[in-house]
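In my numbering, the protein residues as written are 6 to 777.
Just so it is clear, CB atoms sit at the ideal spot from N, CA and C, and this is done for glycine as well.
From a predicted model like this one, the values you see are computed outputs, not experimental measurements.
One structure is given here, and the rest of the page talks about it.
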Amino acid sequence: MAVQLFEHNAKAYQAAVKMMQQYGKAAIVHPTGTGKSYIAFKLIEDHPDAVILWLSPSEYIFKTQRESLLRQDPDFPLQNVRFYTYAKLICCTPAQLQEIAAQDPAYIVLDEFHRAGAENWGDSTQKLLALCPQAKLLGLTATNVRYLDNNRDMAEELFDGHVASEMSLGEAIVRGILPAPNYVTTVFKYQQDLARYQNRVNNLRSPGIQDVNQKYLDALKRALEQSDGLDKVFAHHITNRSGKYIVFCSGKEHMDEMISHVPQWFAAIDPAPTVYRALSEDPSTDKAFADFKADNSDHLKLLFCIDMLNEGVHVAGISGVILFRPTVSPIIYKQQIGRALTAGDSATPLILDVVNNFEGLSSISGLQDEMTAAVQRLYANGEGDKVVTDHFEVVEQVHDCRVLFEQLQSSLSSTWNHYYSEASIYYAENGNLDIPRRYKTPMGLSLGAWLQLQRQIRSGTCGGRLTQQQIERLDSIGMRWDNYSDLAWTKGYEEAEQYYAKHRNLMVPANWKTADGYPLGRWISNKRTEKLAGRLDKEKITSLEQVGMVWDAFSEKWERGFAAAAQYYAEHGNLIMPVTYTTKDGLRLGVWVRNQKKTYANGTLQQEKAARLEGIGIRWEQNNYDFQWSEAYAAAKLYFVEKGNLNVPIAYTTADGIALGKWVARQQYARNNPGKSSCKLTPERVALLDKIDMQWKKPDPWQHRYELAQEYLQEHGDLLIPAKYKTDDGIWLGRWLYEQKVLLRKQSPKLNADKIDKLRKLLGEEPAEKVG
């Protein structure tokens, strides 16, 4: 039996095949539940004799996808499919990766390809793809953007933006591909939230401002006390009392806690519900999952799981999902919703969204916005007949509570801005925010206590929340987050421990900051100063020495620099290097060598050190520029002899490491911008460069690529440029032409009238009629 694709997947498959033929790669971004895996199965069916590598986040996902397929067609041809997990590739040696690539795959399927952006998984996946340059690449995911990873777009990184089909979860619901759910929101364990906000109100210090916010908080407390508990919410909305529900938890401890409440929360629905547990590290999970799927009893069935069902796995006959969400990324949130939504299912699933913080109640608004945008886009494209539903109802069990919470948030935000304004005034008058804790403004505002509170909130020792924007605003007026309390020592020492664990030393550069912005370099420097001044107690000295603290940092750094210089000399026979040269372990050796020359020149370099450096070939002439210029010119001359021109791609580097493309560009810039470049371009050097046909004026990049496309058309008779085609000067001509077609189709202002006419002529289209 042939693979039968839904209409939306059939169109996506056809577009992907065409795109892979043209560019060698294609991504499909469809929401969870729409049957994406069958697109890849269709590819396998259409190429039964081709070897296909299938990469997936877990064996469990592929196993369930395979079982679903074979239930429909037991004879489906899977014999040439080679399955690997992204995690398994990490464990492969280079030789083992070579063995995988030696299977000569015609296609590689990247399932849930956003996961290939993970630091460890991504590196090994990229290595395998590099070993299979002829294989066409098909990617499947529900969300190509890694929201918690700097919003990286993996469709751009892995597929150069070649997305054959893209559909949001909202659009799938609007078009009736996925069923519109009954969506219920509520909140639990709100006492922790209330305590956190009570702490914020208590720390406002200013009586008038504190009273206003306390009234909002008291009103919120009363509304929550009068709202229904989870037992009543579940009893009211879980109408299928023998249904199957997947319950998502954040971790094993969280799962255990949620299961402990089952008798209390679900007693009104079923006094004896059947509870199943699914943990990826539990060997009994496969049986529990299979039993859950096969269970057709009259009891309520609850499958508690953590993350193993977030993506790629569907269960038939699901009545709904219950999301217990402390915090969650947009990707995981949509994947968990998707467990209740399946293409072709006419039932109306139930989604119970139970959050433990008020901010989480607004998550559903993103999905509703997607639906609104999809409706508008379909009508604008003349496809209004595809709109099956334009909304779904959201039942807010704590609507009044959310409104009160938003009022409290708004009031607290207004209070924060009031304090910030006073802090800005203080900074403008004094040039710093070094304010004693007891300081009050002339109007009686406890500004010192408020600033200390902001430090405590950011460090996590006090309840509350600081947004990144608020942190940056305080930074802009000189906020010092590291005070001189025990908290500062604990924070600094923890960061020092982490640095030592990674680098095996505490030779931290003075300007070094951690990933979250902590100034560790400055903290280490301060500790050395405090010890020298006798202000650092013995316990702290011992603690730092246990993680590799070197108190005489200058001497230690010199020895490290000399060792690296000696290694460089052993490999190159000299100490001539660019000032930007950095060793593999991150030592800026070029800067270090330059500093030794400066110290020698001003007579402050110790004689012993000077003698040691002379022993490894240092040249005390402070500037090696003449030598380096001559070396680069020789490489340029050789390039001219081989190529007949000096049109060097900017990224071109010679076999012996000379960045020739950048060097040529610097000469051009120096000639065209006298006085603005550090490059010393004498008349003699200009004459030498003229002899090897230096083009001092760079050609227009757009015109250059246009002429290359004309040459390709003249030589080949068409513009069907392969995805792998690259011109002699390193230009991906096919990609450039595709981008120009997109700009032309969108009538982008990036194309002026002249470029539009040239492109139309190149593509064999009629020129646009000129108005007037």
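Q: For Q745, name the three-state secondary structure that DSSP assigns.
A: helix
Q: Provide the residue(s) that pair with R330 in DSSP beta bridges, ordered along the chain.
A: V360
Q.
For a test of the three-state rule: what should DSSP assign to E316, helix, strand or coil?
A. Residue placement at E316 is poorly supported in this model, since its pLDDT is 45, which falls under 50; the coordinates still yield a value, given next. Residue state, collapsed to three classes: coil.
Q. Using DSSP with H/G/I as helix, E/B as strand and the rest coil, what is Q627?
A. The predicted position of Q627 is uncertain, since its pLDDT is 48 and thus under 50; no value can be drawn from it.
Q: Go through its chain and collect everything with a Cβ distance to D300's Cβ below 6 Å, but skip five positions before and after it.
A: K306
Q: Could you check if I782 is buried or exposed, using at least 16 other CB atoms within 10 Å of its CB as the buried criterion?
A: Outside the shown range of the chain, which is 6 to 777, sits residue 782, and nothing can be said about it.
Q) Quick one, are the C-beta atoms of H119 and Y28 less than 7 Å apart? A) no
Q) Given V267, which residues of its chain have a CB within under 8 Å of its CB, disregarding the five upstream and five downstream residues? A) P278, V280 and L307
**Q.** Same chain, Cβ closer than 7 Å to Y91, neighbours up to 5 away in sequence not counted
**A.** L60, P62, R120, A121, W126 and T130
Q) Are the CB atoms of F206 and L229 nearer to each other than 7 Å? A) Strictly speaking, residue 206 in this sequence is Val, with Phe absent from that position. Their beta carbons are not under 7 Å apart, which means V206 does not touch L229 by this criterion.
Q) Around the C-beta of C96, are 16 or more other C-beta atoms found within 10 angstroms, so that it is buried, or is it exposed? A) exposed
Q.
Going by C-alpha to C-alpha distance, which of G389, L618 and G40 sits closest to L145?
A. G40
Q: To the nearest angstrom, report how far apart F104 and T658 are at their CA atoms.
A: What sits at residue 104 in the sequence shown is Glu, not Phe. Between E104 and T658, the C-alpha separation is close to 31 Å.
Q: Determine, using beta carbons only, whether R442 and G453 come nearer to each other than 7 Å.
A: yes
Q. Curious, which full-length alpha helix (DSSP H) runs of at least 4 residues does the segment 458 to 544 contain?
A. 473 to 480, 491 to 508 and 525 to 537
Q: Would you check if there are 3 or more beta carbon pairs closer than 8 Å linking the segment 632 to 641 to the segment 661 to 672?
A: yes
Q | Nearest-angstrom beta carbon gap, H304 and D275 [assumed within contact, 8 Å] | A | 6 Å
**Q.** Whole-angstrom distance between Y717 and K755, CA atom to CA atom
**A.** 24 Å
Q | Rounded separation between Y18 and G256 - CA only | A | 37 Å
Q | Three-state class that DSSP yields for S426 in the structure shown | A | helix
Q) Using DSSP with H/G/I as helix, E/B as strand and the rest coil, what is L115? A) strand
Q: Look at the Cβ atom of L74, then the Cβ atom of K47, and state whether they are nearer than 7 Å.
A: no
Q. Taking just the CA atoms, how far does V513 sit from P447?
A. 43 Å
(Q) Among I440, I356 and V747, whose alpha-carbon lies nearest the alpha-carbon of F253? (A) I356
Q.
Here's the rule: buried if 16 or more other CB atoms are within 10 angstroms of the residue's CB, otherwise exposed. What is A21?
A. buried
Q: Please confirm whether P354 and A177 have their CB atoms less than 7 Å apart.
A: no
Q.
Could you check whether the Cβ of A637 sits closer than 6 Å to any heavy atom belonging to the ligand FAD?
A. The ligand FAD is absent from the structure shown, which contains no ligand whatsoever.
Q: Kindly indicate which three-state DSSP category K562 falls into: helix, strand or coil?
A: helix
Q) Is DSSP giving G389 helix, strand or coil here? A) helix
Q | Proximity to D116 [Cα-Cα], best of Y425, K543, Q70 and A385 | A | Q70
Q | D216 - DSSP class collapsed to helix/strand/coil | A | helix
Q. Using a Cβ-Cβ cut-off of 7 Å (strictly less than) and excluding sequence neighbours within five positions of L284, which residues of its own chain qualify?
A. K257, T290 and I311
Q) Residue range of the beta strand (DSSP E) that D442 falls in? A) One point to set straight first is that residue 442 is Arg, not Asp, in the sequence displayed. Where R442 is concerned, there is no enclosing beta strand (DSSP E), given that its DSSP letter is neither H nor E.
Q. In terms of residue numbering, what span does the beta strand (DSSP E) encompassing V189 cover?
A. N187 to V192
Q: Inspect the beta-carbon positions of I214 and T420 and report whether they are closer than 7 Å.
A: yes
**Q.** Classification of T190 by the beta-carbon crowding that lies within 10 angstroms, buried from 16 upward
**A.** buried
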